[in-house]
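Residue numbers (the working numbering), protein chains in the order written: chain R, 1 to 112; chain H, 1 to 114. Every residue, glycine too, gets a C-beta built ideally from N, C-alpha and C. Predicted model only: the values in this text are computed from it and were never measured. The structure appears right after this line, and notes come after that.
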Amino acid sequence: DAKTTQPNSMESNEEEPVHLPCNHSTISGTDYIHWYRQLPSQGPEYVIHGLTSNVNNRMASLAIAEDRKSSTLILHRATLRDAAVYYCILRDWSQAGTALIFGKGTTLSVSS
Amino acid sequence: ETGVTQTPRHLVMGMTNKKSLKCEQHLGHNAMYWYKQSAKKPLELMFVYSLEERVENNSVPSRFSPECPNSSHLFLHLHTLQPEDSALYLCASSSLADSTDTQYFGPGTRLTVL
């Protein structure tokens, strides 16, 4: 499986935008970029995913580099509830029904 | 979010006890997963069930025994566990037909083995 690299931790202030980077230099052409997050004492939850184009949903935006070797999860206005561990995961479409491979992710702290 | 429920939420057991963890999904999915999250470690897969058949066993010791009686329910039977098995056990489900390949997780069972 292609590997992702994320910073161990990041800090943000409430109401400010947060940019969470992910490097995936060995990504293959069929790998989708998925983001999950895990709030304290909860199971992971899906945030967003994309292939080549930037994506927006109600939770976040995903900016994908033109060469697809990196991506950035953007939280437009961080809230205290966004404090969580954020995981960047690569998935090939053929991997449906197989395990997600979690790394250590980025621990996001949000201060008021 | 109540799509995937897990019971109990917390469990304390001795090494000689037998207990079971239950997972139920109300999303109409046809794949279910058990993951383990030990302290300070990433989540790691234990088992995958696809269409009620076990398709992956990630070298899990036999003291953990999964059961999938139907597409909505998944159990993890525990017996003669060790203290190092103390962890958060997470259940997830997904639809094999979902083009987004999203997995939906339950809240987990926090297990402590004394």
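Range covered by the beta strand (DSSP E) that runs through Lys-36 (chain H): 31 to 37
message: Asn-8 (chain R) and Thr-106 (chain R) - do their beta-carbons sit closer together than 9 Å?
response: yes
- request: Could you have a look at Arg-58 (chain R) and say whether DSSP puts it in helix, strand or coil?
  value: coil
query: Name the chain R residues whose beta carbon is nearer than 8 Å to that of Glu-56 (chain H)?
result: Thr-98, Ala-99
task: Count the other C-beta atoms from every protein chain shown that fall within 10 angstroms of the C-beta of Val-12 (chain H), then say buried if there are 16 or more, exposed otherwise.
output: exposed
query: Exposed or buried, what is Val-113 (chain H) when buried is set at 16 or more other beta-carbons lying within 10 Å of its beta-carbon?
result: buried
- prompt: So, does the CB of Trp-35 (chain R) fall closer than 9 Å to a CB anywhere in chain H?
  reply: no
task: Please check the pair Tyr-36 (chain R) and Ile-89 (chain R), which I expect to be a contact at CB under 8 Å, by giving their CB distance rounded to whole angstroms.
output: 7 Å
Minimum Cβ-Cβ distance from Pro-69 (chain H) to chain R less than 9 Å: no
- prompt: Along chain H, which residues have their Cβ under 9 Å away from the Cβ of Arg-91 (chain R)?
  reply: Asp-101
task: May I have the straight-line CA-CA distance separating Glu-45 (chain R) from Asn-17 (chain H), to the nearest angstrom?
output: 32 Å
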